[in-house]
Structures are given as C-alpha cells and as structure tokens.
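Visitor: So the sequences go chain by chain: A and B.
Under our numbering, the first residue of the first sequence is numbered 190, with each subsequent residue one higher.
Under our numbering, the first residue of the second sequence is numbered 89, with each subsequent residue one higher.
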Amino acid sequence: MTRVHDMGGRFGDGPVIPDNADAPVFATEWHARALAVTLACGALGRWNIDISRHARERLSPRDYTGFSYYEKWIAALADLLVERGVLTKADLIGQGDDDAHPLTLKILKANSVAAALAHGGPADRNSEVRAKFSIGQAVSCRHPAANHLVDGGHTRLPAYAAGARGYILRQHGSHVLPDSNAHDLGEAPEPLYAVRFAASELWAHPEHANDQVVLDLWQSYLAPL
Amino acid sequence: MPHDDPDHPHALLPPDPALRVKALETILTRKGLIDPAALDEIIDTYQNKIGPQNGAQVVARAWHDPEFRAALLQDATVAVTDLGYFGRQGEHMVVVENTPDLHNMVVCTLCSCYPWPLLGIPPAWYKSDAYRARVVREPRKVLAEFGVTLPEKTAVRVWDSTAEVRYLVIPMQPEGSKNLDLDALAALVTRDSMIGTGLAQEPS
C-alpha cells in the first residue's frame, strides 16, 4: 500500500547526524540552483504543491533511496516538466525545437521574486463540508492508510497511523485535500485537525508511557469512536 | 497522465547531479521559462535574508512580553505576520511551548515540511531518512544524539507536519535570563531549540 517516502517509524536508518551551527545553508552550489529552479518552475503554474510532492514520491524506490535530497527534487522536476507539457523528452536530450513557448509570459522575473515568496500558497479555503469533530473527541484513522480516490495515489496519512485511535487536539479550519488536489481532481477542501496519539497506540515498544505524536489529518481520514 | 511512468523522463538528463541541474537550467533559460537572475534572487533570499534569526526574534519576544506570548499561542500566523515574518512555507503557523511537563519536537515524516519564513531552509539532518523515520518512534534516543536528556517526568510530543500547517517550538527560557533585553535573549535561541532537538543556551 505504501510508497518509500512514508518512512515514519521505520527501523534501520542509523544515527541522526547533527550539523555544526555554522554549516552553510546550501552544502554546494548545485543544491541552491536545484531549489531555485524548482521554485521558479512552480511559478509557471502548471502544477500545485500536492502534485509536486507526489512527483517526488513517485520516483522509483531505487531512485528515491539512492538519490540525495536535491537529486530527488531535480529528478521529480524533470519528470513533471515533461508530464505537464512544459518540456518534451526531446528538449531534455537537447533535440527540442526553438519555437516560441506559450508559457514565457508566466516567467518569474527577478523583480517579482520577493513578492512571490512573500505571498506563498495558502491552503485554507471556505468549505461546504461541516466540521464533524470537536476538540477532545476520540477518533480513529482510516485503515489501511491510502488514497481513497486514486489507487496508489497521494495521501498525507502516514502508514504508521493507519487504524490508530487518537483525540482531536486542534481545529485548523478547512484546507485543500491533497488526495484530490494531487490528481487534478479539484481542491475539495474539508476540515483539518491536529490529532493527538499516545505513543503506545502507534508503537509496540514506546520509549515512555506519556509520550505522544500529533498529526495533521483531514476529516475524511477520520471516523468517530 | 500515467500515474506511474516506468520510463521516468529524468533519466534522459546527465546522471551527475550538478550537471543535471545545469542542463535543466540551460534548457529552461533558452526557452524563456526561467530567469537566471530570479534564481540568484531566490538563493540570496534563503542564504542571506531568511533564517533562524527570524524565529529567534519571535521566541525572544514571547519570553519578554506576556501579551505577545499569549497572542502567539492564540494565533501564531497573525502574531508573526505582525513582526514581518510570512510567506512561502509559513502560510499557516502554530507555535507550541515547552514546559517542565511537556517537550515538543517537530518533524515531517513524509517529506521535509519546515517553517521557512522563521527558520529558513531545513538542515540536512532534518531532511534525512534517519530523523524522519526515527523521531516519531524514539524521540528520546534522537534527542540523545543531539546531546539532550530530558527529565523522566517530561513527556515528549512530536508534531508530524502532515499538512500545510508549520510548527515552531518556544523552548523554555533559561534560568538567569529574565533581565536580558530582546537581542540578548534572541542570542540564546538556537535553531535546534525551535525544532525541539535542542534547548536554549544558558546566558554566559
């Protein structure tokens, strides 16, 4: 059911290696260019953040595991540019045409960068879907953790929380539903909640009886208990 | 659009990552789809203008000003926007406060979500498989790798950033820092203390 990016709780990854306080923001120049090219291409308006996340998740498990962080970004970007009709495969191998491109009017210019980054991409929306849950209410997560609209599709319910029972901790209003928005099925906004789970609900051997994990989960991921 | 294309177009680009990025930048620039000067501007923003110094200002003010702290905990998006911190990957902010009974930590197990306007671009360890996989299951072992040991009575609450809500931790204010001014307070606030993998520094 899962994809390789859904790694919460996985065993075997070894220690976390903290960095030095003076470590550079970008370890190498190409990391910086990879981030900037990706953001600039986003401004062309041919995809949304959920589509771009799903493009990274759809890298083959071998590529996802073998690629470094920004290699994943740039590979997913190349795939998206072709899938969404911005470039052709011929373009990628240097055999594309030099015809005028219909998206050139969308180009992000240097003098628009500050405004574009300041605006960001808010995900809250008005929604017809009424909030079903109140703070403190007991809920359980969908099981298995999967997109119910598209088989193998994007979802933001991690596998480790599938079927888990928790409590509504916060209401975030209504947000765009990634399971729909990642597949060109519309934004389908619905109520979003922070849900608190006891570590003992998620793990066979929790470190401490009082530890908790909180996840942001959409209403359709949840059922009342 | 095929859902899973076994023939990933990225394989057509050079395998070396630096050459791969350069190739894509060159193709897109020639087609008039990206402006190299805009890329420089984006990089300059996250290299030099936006970083954990922003979040440190927020925490220092929360320690210093009870009214601001209350407003921050009530609606962080409004409170930090009023200080000039807003934008991409910080559109919906929630600020959570560490206490002697509860220690908060933040992760994104599914990708690398992080409050950019307050902390900048996440460090490599935050994006690593090891942190993403382990911190939800064994936060105390991960904390030990950062040199942090919590008292037995302190519960750990790990926030997995699965939506577009971004979390910032207010670390506990160090003893002996009550009379410091905002700049001196901000100097005690490390990046890791605002993710929850560290504590604020003691004043010297």
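Virtual Cβ for every residue (Gly too), placed ideally from N, Cα, C.
In this text the structure is predicted, and so the values were computed from the model without any measurement.
Give the DSSP-derived three-state secondary structure of Pro-380 (chain A) in the structure shown.
Guide: Three-state DSSP puts Pro-380 (chain A) in a strand.
Visitor: With respect to 7 Å, is the separation between the Cβ of Gly-274 (chain A) and the closest non-hydrogen atom of the ligand GTP below this value?
Guide: Absence of the ligand GTP from the depicted structure is noted, as is the absence of any ligand whatsoever, leaving it without description.
Visitor: Going along chain A in order, which residues have a C-beta closer than 7 Å to the C-beta of Lys-161 (chain B)?
Guide: The question names Lys, yet the displayed sequence has Leu at residue 161 (chain B). Ordered by position in chain A, no residue passes the 7 Å Cβ test against Leu-161 (chain B), which lies about 11 Å from the chain.
Visitor: Using DSSP with H/G/I as helix, E/B as strand and the rest coil, what is Pro-90 (chain B)?
Guide: The predicted model places Pro-90 (chain B) with a pLDDT of 43, which falls under 50 and marks its position as unreliable, so this point remains unresolved.
Visitor: Does DSSP put Pro-413 (chain A) in a helix, in a strand, or in coil?
Guide: Pro-413 (chain A): strand per DSSP, three-state reduction.
Visitor: Skipping 5 residues on each side, what residues in its chain have a beta carbon closer than 6 Å to that of Pro-227 (chain B)?
Guide: Closer than 6 Å at Cβ, skipping near neighbours: Met-193, Val-244, Val-246.
Visitor: In whole angstroms, what is the alpha-carbon distance linking Ala-398 (chain A) and Ser-200 (chain B)?
Guide: Taking the straight line from one Cα to the other gives about 28 Å.
Visitor: Under a Cβ-count criterion, where at least 16 other Cβ atoms within 10 Å of its own Cβ denotes burial, should Pro-90 (chain B) be classed as buried or exposed?
Guide: Any reading at Pro-90 (chain B) needs caution, since the residue's pLDDT is 43, under 50, leaving its predicted position unreliable; the model's value is listed next. Pro-90 (chain B) should be labelled exposed.
Visitor: So what does DSSP say about Asp-400 (chain A), is it helix, strand or coil?
Guide: Note: Asp-400 (chain A) maps to coil in three-state DSSP.
Visitor: Can you give me the C-alpha to C-alpha distance between Ala-144 (chain B) and Ile-206 (chain A), rounded to a whole angstrom?
Guide: So the alpha carbons of these two residues sit roughly 23 Å apart.
Visitor: Can you give the Cα-Cα distance for Gly-375 (chain A) and Ser-369 (chain A), rounded to whole angstroms?
Guide: Rounded to whole angstroms, Gly-375 (chain A) to Ser-369 (chain A) spans 6 Å at the Cα level.
Visitor: Kindly provide the ranges of any beta strand (DSSP E) runs that are 3 or more residues long and lie completely inside the region 118–192 of chain B, ordered along the chain.
Guide: Qualifying beta strand (DSSP E) stretches, in chain order: 180–185.
Visitor: Using a cut-off of 7 Å between C-beta atoms, extract the partners of Thr-293 (chain A) located in chain B.
Guide: Within 7 Å Cβ-Cβ: Gly-120, Leu-121.
Visitor: Considering only their Cβ atoms, is the gap separating Thr-165 (chain B) from His-180 (chain B) smaller than 8 Å?
Guide: Yes, these two residues count as a Cβ contact at 8 Å.
Visitor: Taking the continuous beta strand (DSSP E) assigned at Ala-243 (chain B), which residues delimit it?
Guide: Residues 243–248.
Visitor: Can you pull the chain A residues whose beta carbon is under 8 Å from the beta carbon of Gln-177 (chain B), in chain order?
Guide: What Gln-177 (chain B) touches in chain A: Gly-309.
Visitor: Quick one: using the 10 Å Cβ neighbour count with 16 as the cut-off for buried, is His-308 (chain A) buried or exposed?
Guide: Classification of His-308 (chain A): exposed, given that the 10 Å Cβ count is below 16.
Visitor: Just checking my contact of Arg-220 (chain B) with Val-195 (chain B) at CB under 8 Å: how many whole Å lie between their CB atoms?
Guide: The pair is a contact, with the Cβ atoms about 6 Å apart (cut-off 8 Å).
Visitor: Rounded to the nearest angstrom, what separates Ala-106 (chain B) and Trp-219 (chain A) at their Cα positions?
Guide: So the two alpha carbons sit approximately 5 Å from each other.
Visitor: Between the Cα of Ala-348 (chain A) and the Cα atoms of A:Lys-321, A:Ala-377, A:Arg-331, which residue gives the shortest distance?
Guide: The candidate whose alpha carbon is nearest that of Ala-348 (chain A) is A:Arg-331.
Visitor: Within the chosen definition, does the region 227–239 of chain B reach the region 97–112 of chain B through at least 3 CB pairs nearer than 8 Å?
Guide: At 8 Å Cβ cutoff, the stretches do not touch.
Visitor: Report the residues of the region 121–135 of chain B with a CB closer than 8 Å to any CB of chain A, ordered along the chain.
Guide: The region 121–135 of chain B vs chain A, Cβ under 8 Å: Leu-121, Ile-122, Asp-123, Ala-125, Ala-126, Leu-127, Asp-128, Glu-129, Ile-130, Ile-131, Thr-133, Tyr-134, Gln-135.
Visitor: For the region 235–246 of chain A against the region 115–129 of chain B, are there 3 or more C-beta pairs whose distance is under 8 Å?
Guide: Verdict: no, contact absent.
Visitor: Comparing the C-beta of Trp-247 (chain B) with each C-beta of chain A, is any distance below 8 Å?
Guide: Yes, Trp-247 (chain B) counts as interfacial toward chain A.
Visitor: For a contact defined as C-beta to C-beta under 9 Å, what are the partners of Trp-213 (chain B) on chain A?
Guide: Result: Val-205, Ile-206, Pro-207, Asp-208.
Visitor: Leaving aside the five residues before and after Arg-273 (chain A) along the sequence, list all residues of the same chain whose C-beta is less than 6 Å from its C-beta, in chain order.
Guide: Arg-235, Trp-236, listed in sequence order.
Visitor: Kindly provide the ranges of any alpha helix (DSSP H) runs that are 4 or more residues long and lie completely inside the region 349–375 of chain A, ordered along the chain.
Guide: For the region 349–375 of chain A, whole alpha helix (DSSP H) runs of length 4 or above, ordered along the chain, are 367–370.
Visitor: So, Ser-363 (chain A) versus Leu-338 (chain A), is the Cβ gap smaller than 8 Å?
Guide: Result no, Cβ atoms of Ser-363 (chain A) and Leu-338 (chain A) do not sit closer than 8 Å.
Visitor: Taking DSSP as the reference, what is the three-state secondary structure of Leu-406 (chain A)?
Guide: Residue state, collapsed to three classes: strand.
Visitor: Return yes when the Cβ of Pro-259 (chain B) is within less than 8 Å of the Cβ of Asn-186 (chain B), no when it is not.
Guide: Yes, they are a contact pair.
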